[in-house]
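Protein chains in written order, with our numbering: chain X, 33 to 313; chain B, 42 to 805; chain Z, 8 to 162.
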Amino acid sequence: MTPVAYHRPADLAAVLALLAADEEARPLAGGQTLVPMLNLELLAPTAIVSLIDVAELRGIRRLDDGTVRIGAMETHARIAASDAFRDGQALIPDTARQIASPAIRNFGTIGGACAHGDPASDWPAALVGAGATIEIAGRDGIRNVAAEDFFLQFLTTALEPGELVTAIIVPPLPGRGRYYRFARVDSDYPILSIACVADIAGGLCRFVRLAAGACGPTPVRVATAEALLAGRPRDAARVRQAGTMLAEAAEPIDDVRGSADYRRRILPGLIARVLDEVAGP
Amino acid sequence: MTDMTVVGQSAPRLEGHEKITGRTVYVDDMQRSGMLHAAVLRSPYAHARLVSVDVTAARALPGVHGVLTGADFPHRYGAFVQDEVALAQGKVRYVGEPVAVVAADTLALARQALGLIAIDYQELPAVMTPVEALAPDAPLVHDDFAAYGRRVAVPLPANVCAATTIAEGDVEAAFAGCDVVIEGTYETQAQVHCYLEPCGALAEADAAGKVTVWSSCQSVFRVQATVAEVLGMPMSRVRAIATRVGGAFGGKSDVTVQPLAALLAVRTRRPVKLVLSRDDDFMMMRTRHPATIWMKTGAMADGRLVARAARVTLDGGAYAEDSSAVLGFALLIARGPYRIDHIRMEGQVAYTNRLRAAGFRGYGNPQVTFAGECQVDEIAARLGRDPIDLRLQNAVRAGDRWVGGQAIEACGFAECLEKLRDALPPRMPGRGIGVACVTHISGILSTSAIVRVLEDGTVTLNTGAVDLGEGADTVLAQICAETLKIPLDRINYTVPDTDGSPYNWSTGGSRVTYMVGRAVAGAAGQARDRLFQHAAEMLECATGDLELRVGGRVGIVGVPGAEVPFRDISGRAHWVAGGPIIGTTSVMFEGGGFDPKRSAVTGNGIGKLGTFVFGAQAAEVEVDDVTGQIAVRRIWAAHDVGRAINPTAVEGQIAGGIVQGLGYALYEDLRFDGSNPANPTLMDYKVPGALDVPEITPIIVEHPEPSGPFGAKGIGEPPLVPVAPAIANAVADARGVRMRALPMTPERVLAALDGGSIKPSSRA
Amino acid sequence: MITTTLTVNDRVHAVTVEATATVLDVLRDHLGLTGAKRGCNYGVCGTCSVLIDGRLARACLSLAANCAGRAVTTIEAIGQGEALDPLQRRLVETGAVQCGFCSPAMVLAIKALLAVNPHPTAAEIGAAISGNICRCSGYGAIVEAVMRATGGAAP
């Protein structure tokens with residue numbers, strides 16, 4: 033049992049220096065995933081680098097161009113309560129309010145969840161659905177990676193050793209946003225989730241982005257399926273077809289929440305349901 | 042009974058204050074001077090020979106004070122089959138089976154030492170389901186089964202630890218004459234108890250070697266007896282004390298980790314605390330018996346149910362524990378609360394290389410009632426009858442006899458159905474309503490109570506009954522207080538402790554209110570008689586002229602001022618004449634059993650069980666077309682409790698049982714991936730949360746049980762039992778599909794709605 | 008080992024612990040405050056609930072070192088002595104307490120809700136305790152008790 037060091041740097045530069053100096057050091061954001069892994073002895077870092085005092089990682093700011101920048105240390109609860117999100121960006125707080133339960137939302141952070149990269153969790157699908165960008169800091173400075181390119185595999189992201197997620201950038205999005213979470217019980221991980229941003233009015237689907245979560249190692253988004261819907265009247269057969277395209281692109285697994293076949297089977301129907309909800313009455 | 046002041050009141054529980062302020066002491070909250078911490082090593086194999094076990098390095102780790110392996114526990118034990126050992130010997134029989142245990146200065150050190158234990162395993166082929174276990178030439182889970190001591194020593198096939206048949210009438214002839222016959226096979230799963238407090242014990246040995254074991258348990262006496270048996274000590278040298286119990290539901294009925302803690306304490310001469318992690322608890326402990334049930338029920342065109350046959354195969358896991366009794370009870374109760382003259386119920390329990398199955402709220406009843414109540418509904422549908430009408434037509438009534446011949450003394454079953462019908466709303470569009478019923482027993486074996494009147498007139502009530510959270514302490518104190526006409530706050534209810542408490546078999550079998558309550562009423566009645574004898578001398582009258590007056594006084598009937606308070610009477614008894622006032626009563630449930638002229642029974646492991654309790658529930662559901670998910674909107678539950686000693690506590694048992702039954706019906710399922718549990722965590726094994734529960738309407742029905750305390754009988758188990766079939770029947774009502782496997786996952790429901798076009802991911 | 012100061016129920020404690028020690032470890036093993044329970048130690052059961060700076064938290068998921076400078080409130084600060092907090096009294100009276108293992112955590116989860124929403128609906132109460140498992144009560148009595156304690160109609 034090697035003792036673990038604990039660091040509590042005050043700024044991002046100090047965080048990056050500590051991470052650069054020790055590849056086995058782990059950044060600690062909200063701790064809602066890292067600490068249970070420590071408790072279960074699934075991880076044995078040499079050092080814990082707490083991000084709690086780093087002001088640069090805080091804040092939910094709406095920029096002049098309508099973009100919203102979410103500091104990596106912002107909690108699900110604060111995101112859920114934020115009024116920075118407009119129109120289709122509502123997908124983001126709609127996701128945040130449904131994650132886990134109140135205590136987890138109070139401390140769990142969007143940056144921590146992204147860095148963990150669990151495809152069964154809620155943020156990956158939501159951020160892909162929103163077309164968000166992940167801002168990453170490393171020794172060589174800041175780089176931005178589209179959410180679609182950030183989540184690479186099960187628990188694997190584009191983060192390189194020594195890098196840290198510093199912010200999530202959500203572009204302006206038209207219409208409405210909705211995160212639909214289908215789970216066995218309320219507090220479970222989803223069997224399947226759908227992130228949707230769509231601008232549907234008068235029967236015309238002007239804009240749509242769809243991503244499905246918990247049905248593969250990374251979120252599933254199919255540009256051709258969206259192209260099938262965008263700019264055309266909303267039509268049940270086309271919605272079905274688009275859903276089927278996502279189902280075909282999905283690579284779900286069999287697990288205790290459901291079989292791969294089942295997940296594929298229900299995906300088109302849930303997409304149709306979410307589009308109905310977003311379209312409104 | 043109209044003048045009762047305590048019984049029938051929803052008295053807040055006695056220990057409510059300590060629980061709501063966090064001051065309750067559960068076993069993990071205890072500290073003893075010099076206490077060591079223990080951790081258990083689990084088998085990584087489902088079936089393997091232990092070629093060698095080397096604990097040298099673990100013993101050598103500084104801070105480690107004791108390491109035990111199977112060799113330290115030579116004594117086999119088991120209530121029905123002596124197949125159990127405290128730590129694996131010779132071979133391991135399931136993934137998670139305890140193999141070694143370490144006591145060290147800290148828990149971290151103990152866990153570190155586990156990693157230093159070197160075990161050479163030779164893996165053996167495993168049997169993971171009864172089908173595999175019962176196949177010809179299957180590997181044997183217990184090679185030496187024939188040499189084990191057994192309570193029911195009938196010959197059994199390989200890998201079978203119990204087999205029972207109960208038959209009455211001529212079932213084949215009866216089926217031949219039926220107008221409607223329903224036949225089906227039902228599958229039920231391994232539900233995990235998921236008490237919130239993991240199992241744990243703290244043991245310490247005194248200079249003379251007597252061991253005291255504090256533990257989270259359902260019976261201090263069963264702990265005492267088993268620890269003594271495992272350690273090869275006389276019971277007089279084992280003292281078992283119950284801490285507060287953070288839920289049990291049957292899972293803490295037998296010993297859990299007490300023998301390990303006890304022997305570590307003896308060997309290290311230090312107090313040893315052993316509390317399982319949630320992981321350990323999931324992997325090492327117990328589940329409800331998974332079951333495969335073939336059942337057939339026949340009826341006449343006029344609705345009369347006349348015949349039922351069933352073949353039940355239970356998955357008992359690696360050790361028999363209570364499996365014989367679970368099977369026997371399942372077969373006894375499988376007829377359901379109906380007048381069915383012709384039955385044949387056969388069953389067996391298979392050994393498999395999984396963690397053991399055990400008693401769990403309902404004790405075999407939820408499995409068979411799922412099958413039986415679904416079939417009654419199918420018959421109603423086939424005959425075009427209202428499901429409640431059909432059940433009422435066939436309902437057992439007071440004076441009827443149960444399977445085996447035991448008379449049903451009091452029966453509020455028909456009233457449960459009628460009240461349920463009155464409560465049900467009209468069917469809403471898109472929703473379905475389903476009904477299901479339950480019979481259970483309340484009783485089992487023996488118990489006792491001591492009531493002592495203290496010098497100041499307050500009363501100490503001493504029983505061996507452990508309150509698992511259901512409120513037994515409060516209910517028993519209410520029975521005592523009512524019998525003596527004193528306020529509840531004058532009763533001191535003591536913690537079960539084998540050194541001082543009178544014997545009680547266990548908190549299980551929905552028996553404490555009924556059985557221990559009888560003992561308490563008897564003991565309190567004796568104390569009252571002694572109070573009367575003193576009072577007659579003090580007031581110079583005959584005892585027959587005396588009455589109890591509310592508040593702890595004895596007075597002369599019709600003479601308002603002529604009375605003496607308990608304080609004066611007890612003071613006299615302690616200091617002047619007669620000696621302290623103590624009432625004691627022992628009781629045994631002696632009804633029931635099987636009348637050989639009526640029933641043909643083989644291989645039965647159960648004896649005289651108890652009095653009968655009844656209930657009827659209805660569930661209202663919606664089914665999601667896209668996902669198949671069942672949303673249960675409302676549940677109505679009418680239960681005959683004889684008399685509600687504490688209505689709030691009764692409603693608590695109803696609501697809590699229903700939600701546990703909801704988990705059984707819809708979510709909970711410990712699955713296996715090969716030989717490993719696939720979801721042995723609270724992340725992956727989900728129990729209902731606050732947002733998952735329907736609106737529940739409890740309806741209390743009171744048909745006083747003549748032998749019960751103030752007419753009361755049990756309610757602990759029954760509310761769980763009909764939930765799954767009520768939901769299945771509601772799904773059939775809503776969507777016309779029949780669910781025959783639990784849990785009714787969205788995937789299974791959708792497959793049923795699709796006509797089976799998707800293969801559901803069935804239980805491994 | 009590191010030494011950190013933790014403010015628990017308005018008292019400042021200096022404790023020397025491993026960097027990986029959680030608030031739950033410190034409360035139970037160092038400070039003798041056992042009202043927070045270890046039901047799973049991985050953040051699912053909710054029995055270790057405390058308030059950190061007034062917000063509902065999992066003590067088992069909060070590293071003690073990270074809580075230096077923050078205020079931890081445990082059940083031991085609520086309704087001690089003769090008089091229970093009215094919420095606690097209602098919970099006992101309504102039959103919301105059975106085995107009690109979840110009860111201290113439930114009190115804190117509800118306290119956190121009432122601090123921002125003094126008159127919650129039944130649905131809001133359910134959401135507030137949605138991360139706190141109760142295996143005994145079926146939850147209805149808990150929701151009913153909170154409704155009664157806050158003057159809302161029983162559901």
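Think of the CB as a built atom: it goes at the ideal place given N, C-alpha and C, for glycine as much as any other residue.
Remember, it's a predicted structure, so these values are computed and weren't measured experimentally.
Proximal chain X residues relative to Z:Gly142, where beta-carbon distance stays under 8 Å: On the third sequence, residue 142 of chain Z is found 135 positions in, with the first residue counted as 1. One point to set straight first is that residue 142 of chain Z is Arg, not Gly, in the sequence displayed. Ordered by position in chain X, no residue passes the 8 Å Cβ test against Z:Arg142, which lies about 13 Å from the chain.
Amino acids of chain X, ordered along the chain, whose beta-carbon sits closer than 9 Å to that of B:Tyr705: Residue numbering aside, residue 705 of chain B sits at position 664 when the second sequence is read from its first letter. Per Cβ cutoff of 9 Å: no residues; B:Tyr705 is ~13 Å from chain X at best.
Members of the region 207-229 of chain X near chain B, C-beta cut-off 9 Å: Flagged, chain order: Phe214, Ala215, Arg216, Val217, Asp218, Ser219, Asp220, Tyr221, Ile223 and Leu224.
Rounded straight-line distance, which links the Cα of B:Leu783 to that of B:Ala765: What you label residue 765 of chain B is simply residue 724 of the second sequence in a count that begins at 1. What you label residue 783 of chain B is simply residue 742 of the second sequence in a count that begins at 1. Their backbone Cα atoms lie some 8 Å apart in a straight line.
Nearest to B:Ala208 (by Cα), restricted to the options B:Tyr236, B:His383 and B:Tyr162: As a working mapping, residue 208 of chain B is identified with position 167 in the second sequence. Of the candidates B:Tyr236, B:His383 and B:Tyr162, the one whose C-alpha sits nearest the C-alpha of B:Ala208 is B:His383.
Euclidean distance between Cα positions of B:Val790 and B:Tyr404: Counted from its first residue, the second sequence places residue 790 of chain B at position 749. Counted from its first residue, the second sequence places residue 404 of chain B at position 363. CA-to-CA, the gap between B:Val790 and B:Tyr404 works out to about 26 Å.
Complete beta strand (DSSP E) runs within the region 90-141 of chain X (minimum length 3 residues, chain order): Here the runs fully enclosed are 92-94 and 100-103.
Neighbour list for X:Gly301 in chain B, Cβ cutoff strictly below 7 Å: Numbered from its first residue, the first sequence carries residue 301 of chain X at position 269. Under the 7 Å cutoff, chain B gives Val667.
DSSP beta-bridge partners of B:Tyr708: Position 667 of the second sequence, counted from the start, is the residue given in the question as residue 708 of chain B. According to DSSP, B:Tyr708 bridges with nothing at all.
Coil, strand or helix - Z:Ser137 by DSSP: Indexing the third sequence from 1 puts residue 137 of chain Z at position 130. In the structure shown, Z:Ser137 falls within a coil segment according to DSSP collapsed to helix, strand and coil.
Residue-level contact to chain Z via CB, B:Ser277, 8 Å cutoff: Here residue 277 of chain B refers to the residue found at position 236 when the second sequence is read from its first residue. For B:Ser277, the answer is no, since every Cβ of chain Z falls outside 8 Å of its Cβ.
Under the three-state DSSP convention, the category Z:Cys67 falls into: Stepping through the third sequence from its first residue, residue 67 of chain Z is reached at position 60. Of the three classes helix, strand and coil, the one that applies to Z:Cys67 here is helix, per DSSP.
Where B:Ala351 falls, given that 16 or more other Cβ within 10 Å makes a residue buried: Your numbering for residue 351 of chain B matches position 310 in the second sequence. The residue is buried, with at least 16 neighbouring Cβ atoms inside 10 Å.
Within-8 Å CB hit, B:His38 to chain Z: Absent from the structure is residue 38 of chain B, since the part of chain B shown begins at 42 and ends at 805.
X:Tyr211 vs X:Gln273 beta-carbon contact at 8 Å: If you number the first sequence from 1, residue 211 of chain X lands on position 179. If you number the first sequence from 1, residue 273 of chain X lands on position 241. Contact flag unset, no.
Nearest-angstrom Cα separation, counted from X:Arg289 out to X:Arg264: Reading the first sequence from its first residue, position 232 is the one you call residue 264 of chain X. Reading the first sequence from its first residue, position 257 is the one you call residue 289 of chain X. Within the model, the alpha-carbon separation for X:Arg264 versus X:Arg289 is close to 36 Å.
Status (buried if at least 16 other CB within 10 Å, exposed otherwise) for B:Gln447: Position 406 of the second sequence, counting from 1, holds the residue named residue 447 of chain B. B:Gln447 comes out buried.
Residues that Z:Gly61 contacts on chain B, provided the C-beta gap is smaller than 9 Å: Along the third sequence, one-based indexing puts residue 61 of chain Z at 54. Going along chain B, no residue has its Cβ under 9 Å from Z:Gly61, so there is no contact; the nearest lies around 18 Å.
Anticipated Cβ contact below 8 Å, B:Ala477 with B:Ala767, distance rounded: Counting from one through the second sequence, the residue named residue 477 of chain B turns up at place 436. Counting from one through the second sequence, the residue named residue 767 of chain B turns up at place 726. Contact holds; Cβ gap of about 4 Å.
Beta-carbon neighbours of Z:Ile136, restricted to chain B and to distances below 7 Å: Locating residue 136 of chain Z in the third sequence gives position 129, where the first residue counts as 1. Those within 7 Å of Z:Ile136 in chain B are Ala731.
Identity of the residue in B:Glu581, B:Met579 and B:Arg569 nearest B:Glu588 by Cα: Position 547 of the second sequence holds residue 588 of chain B. Closest option to B:Glu588, Cα to Cα, is B:Arg569.
Residue environment, X:Thr34, which counts as buried when at least 16 other CB atoms sit within 10 Å: For this step, residue 34 of chain X is matched to residue 2 along the first sequence. With fewer than 16 other Cβ atoms within 10 Å, it is exposed.
Alpha-carbon to alpha-carbon, B:Gly218 and B:Asp211: Sequence index remark: in the second sequence, residue 211 of chain B carries index 170 (1-based). Sequence index remark: in the second sequence, residue 218 of chain B carries index 177 (1-based). When rounded, the distance between both Cα atoms is 11 Å.
Min CB distance Z:Thr29 to chain X below 8 Å: Along the third sequence, read from residue 1 onward, the residue named residue 29 of chain Z stands at position 22. For Z:Thr29, the nearest beta carbon of chain X is closer than 8 Å to its own beta carbon.
Every unbroken alpha helix (DSSP H) inside the region 83-143 of chain B [4 residues or more]: Scanning the region 83-143 of chain B for uninterrupted alpha helix (DSSP H) segments of 4 residues or longer gives 97-101, listed from N- to C-terminal end.
Backbone secondary structure at B:Lys460 - three-state DSSP: Counted from its first residue, the second sequence places residue 460 of chain B at position 419. It is helical.
Min CB distance X:Val86 to chain Z below 8 Å: Residue numbering aside, residue 86 of chain X sits at position 54 when the first sequence is read from its first letter. Cβ-Cβ to chain Z under 8 Å: no for X:Val86.
Close Cβ partners of B:Asp441 (< 6 Å) along its chain, the five nearest in sequence each way excluded: Here residue 441 of chain B refers to the residue found at position 400 of the second sequence. Cβ neighbours of B:Asp441 beyond the five flanking positions: Ile449.
Reduced DSSP secondary structure (H/G/I, E/B, other) of B:Met386: Here residue 386 of chain B refers to the residue found at position 345 when the second sequence is read from its first residue. In this structure, DSSP gives B:Met386 an extended state, which the three-state scheme calls strand.
Pairwise C-alpha distance: B:Arg594 and Z:Glu131: Taking the first residue of the third sequence as 1, we reach residue 131 of chain Z at position 124. Taking the first residue of the second sequence as 1, we reach residue 594 of chain B at position 553. Distance between the alpha carbons of Z:Glu131 and B:Arg594 is about 50 Å.
Three-state class that DSSP yields for B:Pro787 in the structure shown: Here the question's residue 787 of chain B lines up with position 746 in the second sequence. DSSP places B:Pro787 in helix when its eight states are reduced to three.
Where B:Asp497 falls, given that 16 or more other Cβ within 10 Å makes a residue buried: For this step, residue 497 of chain B is matched to residue 456 along the second sequence. It counts as exposed.
B:Gly273, buried or exposed, once every other Cβ within 10 Å from all chains shown has been counted against 16: Here residue 273 of chain B refers to the residue found at position 232 of the second sequence. Result: exposed.
Short CB-CB distance (under 8 Å) between Z:Ile82 and chain B: Taking the first residue of the third sequence as position 1, residue 82 of chain Z is located at position 75. Judged by the 8 Å Cβ criterion, Z:Ile82 is in contact with chain B.
CA nearest to the CA of B:Asp427, picked from B:Ala398, B:Ala439 and B:Leu458: As a first step, residue 427 of chain B must be located in the second sequence, where it is residue number 386. Each of B:Ala398, B:Ala439 and B:Leu458 was checked against the Cα of B:Asp427, and the nearest Cα belongs to B:Leu458.
Residue interval of the beta strand (DSSP E) (run including B:Pro766): Here residue 766 of chain B corresponds to residue number 725 of the second sequence, with the count starting at 1. No beta strand (DSSP E) holds B:Pro766; the alpha helix (DSSP H) holding it covers Val764 to Arg776.
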